[in-house]
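Q: 250 is the number that this note's numbering gives to position 140 of the sequence shown; each next residue is one higher, with no gaps. Handing you this structure, nothing more for now.
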Amino acid sequence: MFKVWGLLAASMLVAALACWAALPKTATPSGEPQALPVGGNLADLVWPEGFDAGREWTSIVIHHSATPSATFEAIRRYHLGLGFEGVGYHFVINNGKAPGTMDGQIIATARWLEQRAGAHTLIDRHPEYNSEGIGICLVGHFEEHEPTPKQMAALEMLVLALAERYDIPLDRIVGHGELKNTKCPGRLFPLEPFVMDLRQAAIRKRLQGAPETP
111 MFKVWGLLAA
121 SMLVAALACW
131 AALPKTATPS
141 GEPQALPVGG
151 NLADLVWPEG
161 FDAGREWTSI
171 VIHHSATPSA
181 TFEAIRRYHL
191 GLGFEGVGYH
201 FVINNGKAPG
211 TMDGQIIATA
221 RWLEQRAGAH
231 TLIDRHPEYN
241 SEGIGICLVG
251 HFEEHEPTPK
261 QMAALEMLVL
271 ALAERYDIPL
281 DRIVGHGELK
291 NTKCPGRLFP
301 LEPFVMDLRQ
311 AAIRKRLQGA
321 PETP
């Protein structure tokens, strides 16, 4: 399974980043959540034209929605009910089980597009995981089932791009449960294999970019 999502992610990342200059750019960020269309350019979603990249990001925190399915609007309403200013995550990755959603589709939230601190890891001893941590939520309840291969491929593609852009080390890519007494992102989320796959992907990329030895 790990090789399957790794291959999916590699092909998706190449398609997303290699065509950065060729594809039309999205509009200047309006604060409205934006979804990556099928075959779309990841860079256009994450760093659209007019994007203000002034905030420093030092970590990535992975979450699950703890629901078998969910729409973005359902997550937004839930977080508003908790007193948050909109969705607390920076990105949401769908599993396609809710009406109108697609498996593996990445949504950049208003919180990301406006470069606001997260509201996803609320712990006093590590406030930096909110102020400087990029929160990514995969829709699903990973105490009960695994994420889909398309979700994992999308997550790998997104995390690799973010980690490279903001120079985030692998040991700062963590599950919510590593920071707080919570089961999130669930016992069936393959965190260790995922980070190992990220490491291998990063090594492959460095080797591909290294100059040939005489």
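Idealized CB from N, CA, C, for every residue including glycine.
1. Which residues in the same chain as Ala132 place their Cβ atom closer than 6 Å to its Cβ, once the five residues preceding and following it in sequence are excluded?
2. Check for me: the alpha helix (DSSP H) holding Asn240 runs from which residue to which?
3. Classify Ile170 as buried or exposed, calling it buried when 16 or more other Cβ atoms lie within 10 Å of its own Cβ.
4. DSSP beta-bridge partners for Val202?
5. Would a C-beta distance cut-off of 9 Å place Val197 and Ile216 closer than the cut-off?
6. I need the straight-line Cα distance from Lys135 to Gly164, nearest angstrom please.
7. Just reading off the beta strand (DSSP E) that Ile170 is part of, what are its end residues?
8. Check whether the Cβ atoms of Ala273 and Leu280 sit closer than 9 Å, and answer yes or no.
9. Less than 9 Å between the beta carbons of Thr177 and His251, yes or no?
A: Walking through what the data contain:
1. Residue 132 sits at position 22 when you count from the first residue of the sequence shown. Bear in mind that the predicted position of Ala132 carries a pLDDT of just 28, short of 50, making it unreliable; the figure below should be weighed with that in mind. For Ala132, where only same-chain residues beyond five positions count, there are no Cβ hits under 6 Å.
2. Translated into positions along the sequence shown, residue 240 becomes position 130. Start and end: 238 to 241.
3. As a first step, residue 170 must be located in the sequence shown, where it is residue number 60. Counting Cβ neighbours within 10 Å, Ile170 comes out buried, since at least 16 surround it.
4. As a working mapping, residue 202 is identified with position 92 in the sequence shown. Note: Val202 sits in a beta bridge opposite Ile217, Cys247.
5. For the purposes of this step, residue 197 is taken as residue 87 along the sequence shown, with counting starting at 1. For the purposes of this step, residue 216 is taken as residue 106 along the sequence shown, with counting starting at 1. No.
6. Locating residue 135 in the sequence shown gives position 25, where the first residue counts as 1. Locating residue 164 in the sequence shown gives position 54, where the first residue counts as 1. Since pLDDT at Lys135 reaches only 32, below the 50 mark, its modelled position is unreliable, and the value read off the structure follows with that caveat. Approximately 20 Å between the Cα atoms of the pair.
7. The count along the sequence shown starts at 1 and reaches residue 170 at position 60. Its beta strand (DSSP E) spans residues 169 to 174.
8. The sequence position of residue 273 within the sequence shown is 163, counting from 1. The sequence position of residue 280 within the sequence shown is 170, counting from 1. Yes, these two residues count as a Cβ contact at 9 Å.
9. What you label residue 177 is simply residue 67 of the sequence shown in a count that begins at 1. What you label residue 251 is simply residue 141 of the sequence shown in a count that begins at 1. Yes. Within cutoff.
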